[in-house]
Every structure is written in C-alpha cells, then in structure tokens.
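K.L.:
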Amino acid sequence: MKVAGKYSDAELLAAIREEQDLNKAILYLYQQYAASTSSFIFQYGGSEQDADDVFQETVISFIDVVKKGKYRMEASIKTFLVSVARNIWFNELKKRERSDHREKLFERGRDQEEADISWQISDLEKRRQLRDLVHQLGEPCKKILLLYYYEDLSMKEIVEHLPYENEQVVRNKKYKCLQSLTGLIKGSPAIARQMGEVFK
Amino acid sequence: MEQHQALIDHLDKSLQGESSPEMEQLLSNDPEAAREWNYLLLAVDAIQEAGLQQQVATIKEEWKIQQAIVVKPTGGIVRRMSRNIAKIAAILVLVAGGAAFYKYATISSGSLYNKYYSSYELGTSRGAGDENAVEKAYHTRDWNAVLSGFNASKRDNKMDFLAGMADLELKKYDDAIEHFEQVMAVNAQSGSDYFQDEAQYYLAISWLAKNKVNEALPILEKIRANKDHLFHDKVAKMSFLDLRLVQYKENK
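Heads up: the protein sequence lines correspond to chains A and B, in order. Be aware that the first sequence starts at 484, since it is given in the working numbering, and climbs by one per residue. Be aware that the second sequence starts at 4, since it is given in the working numbering, and climbs by one per residue.
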C-alpha cells in the first residue's frame with residue numbers, strides 16, 4: 484500500500500494547520516488510526532458502516548479543531564482521535580435509543596484514558612446541521628460556493644470550471660447562492676436558537 | 004439589499020485579509036448589520052464544513068481502494084497449515100489479486116457510462132399530454148429533429164431535458180450537460196422540481212461519459228442518499244466501489 488509520508492504528531496498538526504498537502508495528511512490519519520478507533524466501535528456493537536461513518540466524522544472534527552487552533556497538546560493524536568470517536572459513537576447510540584445495557588457497557592469503556600473533548604462534541608451537532616443546509620442547496624449553488632469559499636478559486640478560475648459566461652455572471656450567481664444559504668440558516672430552528680443565544 | 008451586497012463584498016475582502024474601516028464601524032454601530040454579518044460568517048463556516056466533509060470522504064474511498072487492490076503479505080509464520088492448503092490459498096490470493104488488478108486496469112468512467120447508460124423513455128414517468136414537435140421527435144428517436152425543434156426562446160425544463168437527452172444520444176456531452184444544468188439552475192431559482200430528478204441523474208451520466216467521475220460521483224451519492232429520488236433504485240444498484248476505483252485512477 485502507498486504510505487502517505489511519515490509524520491510525527493507535531494508534523495501532522497503543522498501539515499493540517501498550514502494545509503500543506505492536506506490530502507496526504509488525511510490519508511495518513513486513515514492509514515494510522517482508522518483500525519484502532521474502529522475496533523472500539525465493533526467492540527461496542529457497531530457495524531463496519533458505523534465504524535466507517537464515525538471515523539470519517541472523527542477526522543473532520545480533528546481537522547476542524549486543528550485548523551481553528553483549538554487543539555491542545557494534552558494527549559497524543561491517537562488518544563484524541565479515539566476519545567472523539569468514542570464520544571461520537573456514544574451520542575449515536577443515545578440517538579438510536581439502544582438498551583441501557585449497551586450504554587452501561589459503553590460507560591465502562593469510557594473509564595479508560597480519555598482526552599477532554601466534551602467541548603468539541605457539543606459543537607458537532609451544529610456542524611452537522613450546517614453541512615446539511617449546504618447539501619439542501621441545488622448542485623450548481625453548492626458547487627459555486629465550494630469552489631469560492633473552500634477551494635479558494637478566483638472568479639476567473641470558476642468561469643473555467645463551470646458553464647457560466649463570464650465573471651460577472653458567476654459573481655451574481657454566488658451572491659444569490661449565499662443569500663439562499665443564509666436564508667436556509669435563518670429558517671433552521673436549531674441554528675436560529677443557537678444564534679439567538681449568541682446575540683443575547 | 005445594497006447593504007447585504009456590501010456585507011458580502013466585505014466578507015470576501017476580509018477573507019482575503021483586506022479590511023474596511025467603514026464596514027467595521029457599521030458592524031459595531033448597527034445591530035441589524037451585525038446580525039446579518041454573523042449569518043454570513045455562519046454560512047461560510049457551513050460551506051467550509053461541507054467542503055471538508057467532501058474532501059475527507061474522497062480520501063477515505065482512496066484509502067479503501069488501496070486496501071482492496073493491494074494484498075498485503077501477512078509476514079507471520081504458517082505453523083499448522085499444510086503445504087497443499089497453503090498452495091491453494093496462494094493460488095486464490097493470486098486469482099483474487101489478478102482479478103483486482105485486471106479490474107483496475109480496465110475500468111474507466113467510459114466503461115461505467117456504457118454499463119449504466121439507458122435511454123430515457125418519455126411518458127413512463129410523466130403524464131402524456133398533447134405532444135409538441137419535440138416530444139413527437141423524441142418518441143421516434145429522431146435526435147436531430149429534437150434538437151432542431153428546440154427553441155431557446157420558448158424553452159422550459161421539459162424541452163431542455165429532452166434536448167439534453169438528444170445531445171447525450173448523439174454523444175454531444177458538453178451540450179447535454181449544459182441543458183441538464185439549465186434545468187437544475189431554473190429549479191434552484193424558482194424552487195420547483197420540474198424534471199429535476201431526471202436532469203440530475205442524466206447529468207451524472209453525462210459526466211461519466213466525459214470521463215469526469217469527480218463531477219459525477221457527488222451527484223450519484225446525493226441520489227443514493229435520497230430515497231424519494233426517481234432514480235434512487237437505479238443508482239442504489241450501481242457499484243460505488245467501481246466508481247471510487249475510477250476516481251482513484253483518474254485522480255492519480
């Protein structure tokens with residue numbers, strides 16, 4: 484298998500923070516840590532698909548935390564990832580209203596070494612809701628917003644990617660799409676509630 | 004409206020590291036503008052979250068494919084396995100590995116397009132009303148007549164979709180994509196869904212025909228996730244492992 488470089492914890496954090504070949508860093512996370520976090524999910528009743536979903540969510544959370552400069556080097560990356568995955572799985576089990584027995588099993592599992600990531604988990608649901616709103620946009624809108632605000636492409640570069648006549652058309656379209664997205668956010672009760680708390 | 008546009012301009016400039024003292028002042032003095040500004044920041048967060056999710060999902064699939072196509076030697080010592088069983092296992096591994104490599108070598112967006120493309124039967128999912136010339140030509144599979152009957156000044160989603168299908172049949176993939184995206188753009192603006200599912204599915208198929216699996220895959224994933232989509236069952240039967248394999252090959 485092609486190995487995605489070899490990183491120390493510090494190098495990996497720097498690669499993510501500075502977005503130096505982020506794809507390689509993500510591949511490294513999968514190669515190094517997917518198996519150990521997945522085994523925990525299997526141990527507590529999860530399927531392969533569950534492990535797959537939970538680790539993907541874990542990687543997204545990890546990158547998000549590192550990019551925002553919130554990662555505290557209190558534990559190794561492995562410990563952090565396993566802790567995040569455990570908590571995501573715990574919340575998922577709660578959502579699925581599994582039996583008390585399974586939750587007790589889980590709580591026993593939580594006694595092991597664990598990084599303090601409760602603050603990160605509380606943010607997870609909000610981030611999921613935000614992502615869902617983007618997916619509610621039509622494909623053309625999603626594409627234009629991702630190219631501009633995620634891929635950091637200029638208007639000129641976007642014209643080369645999408646079937647629009649010129650930069651002004653793209654600019655108008657982007658404006659409308661961003662307006663649609665803020666409309667969806669305003670119309671989302673859960674998000675509006677959180678925003679309400681911010682504005683209090 | 005003007006203020007909203009000004010806020011978006013300010014947002015774009017501030018993301019590029021530029022600042023505007025006037026806008027900063029507006030945001031600290033006008034609570035309504037500050038509120039809108041926070042919604043815009045939240046929208047950018049949402050887009051970046053969705054982008055990161057898409058990027059991680061793509062790499063995950065690459066990792067899965069790497070795991071699937073490369074048979075790792077175990078490195079362990081075979082203690083109790085008899086020589087014959089070991090030979091059979093080795094042959095099976097070789098056959099499986101060979102099949103995986105053969106698949107990897109031969110698979111492409113084009114081959115998946117050939118596998119998954121099927122013509123659209125007009126009238127099977129929509130009511131048959133009074134037919135116009137374009138619809139009649141479509142029924143007789145006269146693709147050139149469909150295109151010559153298409154009138155851009157009198158277009159609607161159905162006409163654009165049928166013209167897109169005619170382009171697809173004639174292997175004019177860029178034109179087909181333009182028609183399908185037009186349908187989706189009109190729906191996005193009007194909030195309707197007239198021929199939305201059809202255009203979405205055949206847009207993905209057109210991207211496959213153009214060997215652009217990176218464009219096709221997100222659309223197909225969206226269809227697969229939506230059980231109410233007209234083409235959900237069709238897409239659910241597709242092999243996403245094959246699609247990911249092609250994506251891995253094409254991104255290399």
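The C-beta atom is built at its ideal place from N, Cα and C for all residues, glycine as well. From a predicted model like this one, the values you see are computed outputs, not experimental measurements.
Can you confirm whether arginine 610 of chain A, when its beta carbon is compared against all beta carbons of chain E, has any partner nearer than 9 Å?
P.N.:
Absent from the structure is chain E; the protein chains it does hold are A and B.
K.L.:
Helix, strand or coil: how does DSSP classify threonine 127 of chain B here?
P.N.:
The residue you call residue 127 of chain B lines up with position 124 of the second sequence. Per-residue confidence for threonine 127 of chain B stands at a pLDDT of 48, beneath the threshold of 50, marking its modelled position as unreliable; the derived number appears in the next sentence. DSSP places threonine 127 of chain B in coil when its eight states are reduced to three.
K.L.:
With burial defined as no fewer than 16 other Cβ atoms inside 10 Å of the residue's Cβ, what is the status of valine 81 of chain B: buried or exposed?
P.N.:
Numbered from 1 along the second sequence, position 78 holds the residue referred to as residue 81 of chain B. At valine 81 of chain B the pLDDT is 48, less than 50, meaning the model places this residue with poor confidence; the figure from the coordinates comes in the next sentence. Exposed, by the Cβ-count rule.
K.L.:
Given a cut-off of 9 Å, decide if glycine 670 of chain A and asparagine 190 of chain B are closer than it, judged by their beta-carbon atoms.
P.N.:
Against the second sequence, residue 190 of chain B aligns to sequence position 187. Against the first sequence, residue 670 of chain A aligns to sequence position 187. Not closer than 9 Å, so no.
K.L.:
Could you spell out where the alpha helix (DSSP H) holding threonine 665 of chain A opens and where it closes?
P.N.:
Taking the first sequence and counting its residues from 1, the one referred to as residue 665 of chain A is at position 182. Segment 650 to 669, the alpha helix (DSSP H) holding threonine 665 of chain A.
K.L.:
Locate the alpha helix (DSSP H) running through threonine 541 of chain A, then write down its first and last residues.
P.N.:
On the first sequence, position 58 is the one that residue 541 of chain A refers to. Counting along the chain, the alpha helix (DSSP H) containing threonine 541 of chain A begins and ends at 531 to 550.
K.L.:
How far does the alpha helix (DSSP H) with glycine 152 of chain B in it extend, from its first residue to its last?
P.N.:
Working through the second sequence from its first residue, we reach residue 152 of chain B at position 149. Segment 146 to 152, the alpha helix (DSSP H) holding glycine 152 of chain B.
K.L.:
Taking glutamine 539 of chain A as the query, report the chain B residues whose CB atoms sit under 9 Å from its CB, ordered along the chain.
P.N.:
Within the first sequence, numbered from 1, the residue matching residue 539 of chain A stands at position 56. By Cβ distance, chain B contributes Gln56, Val59, Ala60 and Lys63.
K.L.:
Quick one: Cα of valine 642 of chain A to Cα of lysine 174 of chain B, how far?
P.N.:
Along the first sequence, read from residue 1 onward, the residue named residue 642 of chain A stands at position 159. Along the second sequence, read from residue 1 onward, the residue named residue 174 of chain B stands at position 171. Rounded to the nearest angstrom, the two C-alpha atoms are 24 Å apart.
K.L.:
Can you give, in chain order, each stretch of the alpha helix (DSSP H) that sits fully within the segment 186 to 233 of chain B and has at least 4 residues?
P.N.:
Segments of the alpha helix (DSSP H) lying fully in the segment 186 to 233 of chain B: 199 to 212 and 216 to 228.
K.L.:
May I have the straight-line CA-CA distance separating arginine 158 of chain B from glutamine 185 of chain B, to the nearest angstrom?
P.N.:
For the purposes of this step, residue 158 of chain B is taken as residue 155 along the second sequence, with counting starting at 1. For the purposes of this step, residue 185 of chain B is taken as residue 182 along the second sequence, with counting starting at 1. If you take the alpha carbons of arginine 158 of chain B and glutamine 185 of chain B, they lie about 10 Å apart.
K.L.:
Taking Cβ-Cβ distances shorter than 8 Å, what residues in chain A pair up with tyrosine 42 of chain B?
P.N.:
By 1-based counting over the second sequence, the position of residue 42 of chain B is 39. Within chain A, the residues near tyrosine 42 of chain B are Thr665, Ile668, Lys669 and Met678.
K.L.:
Residue range of the alpha helix (DSSP H) that arginine 500 of chain A falls in?
P.N.:
Along the first sequence, one-based indexing puts residue 500 of chain A at 17. Unbroken alpha helix (DSSP H) run through arginine 500 of chain A: 492 to 500.
K.L.:
What does a CB cutoff of less than 8 Å around histidine 618 of chain A pick up in its chain, not counting 5 residues either side in sequence?
P.N.:
Locating residue 618 of chain A in the first sequence gives position 135, where the first residue counts as 1. Excluding sequence neighbours, histidine 618 of chain A sits near Lys625.
K.L.:
Examine chain A for any beta-carbon lying closer than 9 Å to the beta-carbon of serine 242 of chain B, and answer yes or no.
P.N.:
Start at 1 with the first residue of the second sequence, and residue 242 of chain B comes out as number 239. Judged by the 9 Å Cβ criterion, serine 242 of chain B is not in contact with chain A.
K.L.:
Is alanine 558 of chain A helix, strand or coil by DSSP?
P.N.:
Stepping through the first sequence from its first residue, residue 558 of chain A is reached at position 75. Coil, per DSSP.
K.L.:
Under 9 Å, Cβ to Cβ, is there at least one residue of chain A near valine 238 of chain B?
P.N.:
In the second sequence, residue 238 of chain B corresponds to position 235, counting from 1. Judged by the 9 Å Cβ criterion, valine 238 of chain B is not in contact with chain A.
K.L.:
Would you say isoleucine 524 of chain A faces chain B, with C-beta separation under 9 Å as the test?
P.N.:
The residue you call residue 524 of chain A lines up with position 41 of the first sequence. Closer than 9 Å: no.
K.L.:
Helix, strand or coil for arginine 528 of chain A? Go by DSSP, reduced to three states.
P.N.:
The residue you call residue 528 of chain A lines up with position 45 of the first sequence. The displayed chain sequence assigns glycine, not arginine, to residue 528 of chain A. Of the three classes helix, strand and coil, the one that applies to glycine 528 of chain A here is coil, per DSSP.
K.L.:
Report yes if the CB atom of phenylalanine 153 of chain B is closer than 9 Å to the CB atom of glutamate 201 of chain B, and no otherwise.
P.N.:
Taking the second sequence and counting its residues from 1, the one referred to as residue 153 of chain B is at position 150. Taking the second sequence and counting its residues from 1, the one referred to as residue 201 of chain B is at position 198. Result no, Cβ atoms of phenylalanine 153 of chain B and glutamate 201 of chain B do not sit closer than 9 Å.
K.L.:
For the segment 21 to 41 of chain B against the segment 645 to 659 of chain A, do three or more pairs of beta-carbon atoms, one drawn from each stretch, fall closer than 8 Å, so that the two count as touching?
P.N.:
In short, these stretches do not touch, since the Cβ pair count stays below three.
K.L.:
Could you name each continuous alpha helix (DSSP H) segment of 4 residues or more that falls completely within the segment 8 to 69 of chain B, going from the start of the chain to the end?
P.N.:
DSSP runs (the alpha helix (DSSP H)) wholly in the segment 8 to 69 of chain B: 24 to 32.
K.L.:
Start and end of the alpha helix (DSSP H) containing leucine 620 of chain A?
P.N.:
Within the first sequence, the letter at position 137 stands for residue 620 of chain A. Looking at the DSSP string, leucine 620 of chain A is not in any alpha helix (DSSP H), and its letter there is neither H nor E.
K.L.:
If contact means a Cβ-Cβ distance below 8 Å, which residues of the segment 146 to 167 of chain B contact chain A?
P.N.:
Those residues of the segment 146 to 167 of chain B that come within reach of chain A (Cβ to Cβ, closer than 8 Å) do not exist; the list is empty.
K.L.:
Label isoleucine 222 of chain B either buried or exposed according to how many other C-beta atoms from any shown protein chain fall within 10 Å of its C-beta, with 16 as the threshold for buried.
P.N.:
Against the second sequence, residue 222 of chain B aligns to sequence position 219. Label assigned to isoleucine 222 of chain B: buried.
K.L.:
How about aspartate 2 of chain B and leucine 150 of chain B: are their beta carbons less than 9 Å apart?
P.N.:
Residue 2 of chain B cannot be examined here, being either before or after the span of chain B that is shown, 4 to 255.
K.L.:
Within 10 angstroms of its Cβ, does asparagine 655 of chain A collect 16 or more other Cβ (buried), or is it exposed?
P.N.:
Translated into positions along the first sequence, residue 655 of chain A becomes position 172. That one is exposed.
K.L.:
Tell me which residues of the segment 613 to 626 of chain A have at least one Cβ-Cβ distance to chain B shorter than 8 Å, keeping chain order.
P.N.:
Under the 8 Å Cβ criterion, the segment 613 to 626 of chain A contributes Leu613, Arg614, Leu616, Val617, His618, Leu620, Gly621, Glu622, Pro623, Cys624 and Lys625.
K.L.:
Is it buried or exposed, serine 663 of chain A, if we count other Cβ atoms within 10 angstroms and call 16 or more buried?
P.N.:
Here residue 663 of chain A refers to the residue found at position 180 when the first sequence is read from its first residue. It is buried - the Cβ of serine 663 of chain A has at least 16 other Cβ atoms within 10 Å.
K.L.:
Looking at C-alpha atoms only, which residue of A:Ile560, A:Gln539, A:Ala498 and A:Gln532 is the closest neighbour of leucine 607 of chain A?
P.N.:
Residue mapping note: residue 607 of chain A aligns to position 124 of the first sequence, counting from 1. Residue A:Gln539 is the option with its Cα nearest to leucine 607 of chain A.
K.L.:
On a CA-only basis, which of A:Gly552, A:Gln515, A:Gln532 and A:Arg611 is nearest valine 565 of chain A? Give me that one, please.
P.N.:
Here residue 565 of chain A is taken as the residue at index 82 of the first sequence, counted from 1. Among A:Gly552, A:Gln515, A:Gln532 and A:Arg611, the Cα nearest to that of valine 565 of chain A belongs to A:Gln515.
K.L.:
Leaving out the 5 sequence neighbours to the left and right, which residues in its chain are closer than 8 Å to valine 653 of chain A when beta-carbon positions are compared?
P.N.:
To locate residue 653 of chain A, count along the first sequence from 1; it is residue 170. Cβ within range, chain order: Ile627, Met638, Ile641, Val642, Leu645 and Tyr647.
K.L.:
Give a yes or no on whether the minimum CB-CB distance between isoleucine 11 of chain B and chain A is below 9 Å.
P.N.:
As a working note, residue 11 of chain B is residue 8 in the second sequence. So yes, isoleucine 11 of chain B belongs to the interface.
K.L.:
At 8 Å on the CB atoms, spell out the chain B contacts of glutamine 514 of chain A, in chain order.
P.N.:
Numbered from its first residue, the first sequence carries residue 514 of chain A at position 31. Per Cβ cutoff of 8 Å: Trp66.
K.L.:
Using a Cβ-Cβ cut-off of 6 Å (strictly less than) and excluding sequence neighbours within five positions of glutamine 199 of chain B, which residues of its own chain qualify?
P.N.:
Taking the second sequence and counting its residues from 1, the one referred to as residue 199 of chain B is at position 196. Excluding positions up to five away in sequence, the list reads Asn190.
K.L.:
For my contact list, lysine 549 of chain A and isoleucine 499 of chain A are in at a C-beta cut-off of 8 Å; report their separation, rounded to the angstrom.
P.N.:
Counting from 1 along the first sequence, the entry for residue 549 of chain A is found at position 66. Counting from 1 along the first sequence, the entry for residue 499 of chain A is found at position 16. At residue 549 of chain A the sequence reads valine, which differs from the lysine that was named. Between isoleucine 499 of chain A and valine 549 of chain A the Cβ distance is about 5 Å, and since that is below 8 Å, they are a contact.
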